[in-house]
Amino acid sequence: MEPGRVLRNVQIELRRMGYYRGAIDGLIGPMTRSALTRFQRDNGLPVTRRIDGPTLASLGLV
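Printed below as a string of structure tokens:
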């Protein structure tokens, strides 16, 4: 899957879970990074601020 599509799917899931309120644009800006940080911290994941394997798995996107 192309990176932009993966990021859009991540943004959609983060929004559905209440972590993200920005545009679903496939771009990793400050709002997306902030949402990733909160999601990772809240779910006991390493806080990488990146879309990594454990984060994708926790979001149900693997």
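Plus 1019 on top of the position in the sequence shown (first one is 1) and you've got this note's numbering. Built from N, CA and C at the ideal position, the CB exists for glycine as well.
Nonlocal neighbours in the same chain, by C-beta distance under 7 Å from residue i, ignoring five residues either side
i       : result
Gly1023 : Gly1045
Ile1031 : Ile1043
Thr1051 : Gln1030, Tyr1039, Gly1041
Rounded straight-line distance, which links the Cα of residue j to that of residue i
i       : j       : result
Arg1040 : Leu1080 : 19 Å
Arg1057 : Asn1028 : 17 Å
Val1066 : Ser1077 : 13 Å
Ala1054 : Leu1075 : 13 Å
Residue span of the alpha helix (DSSP H) that contains residue i, given as start and end
i       : result
Arg1057 : 1049 to 1061
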